[in-house]
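Some notes on the structure that comes next.
Structural data, given as structure tokens:
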């Protein structure tokens, strides 16, 4: 289970709310991974999010990144956002790509459609 501060949880709730508003029809799931999910947090840890979507080409990524940058500044947090098509992530998983394996082993699903 992720060890998040109240501030981090509030920021994540805001990010997920924004994601559901901006791309609900494309959004499949939002997964927390990395040091926050593992619990080995340092002062330099960022908040790593994997956003799985049906079709990445249908997502206004600039709008999402801009929101995260603004939201991260509001909360003095750093977000790392990775957006993948479900099919693309499944291919990475099938070939046991390190990124996909890390997400599958340590990831915590925060939202699913």
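In the UniProt record's numbering, the protein residues as written are 1 to 113. Every residue, glycine too, gets a C-beta built ideally from N, C-alpha and C.
Closest in alpha carbon position to residue 108, among 82, 44, 31, is 31.
Taking C-beta atoms as the reference points, residue 93 and residue 48 fail to come closer than 8 Å.
By alpha-carbon distance to residue 78, the top candidate from 84, 86, 68 is 68. When Cβ pairs closer than 8 Å are counted between the two stretches, the region 20-30 is seen not to touch the region 38-45, the count staying below three.
Under the Cβ criterion (8 Å, minimum of three pairs), the region 48-62 counts as touching the region 6-25.
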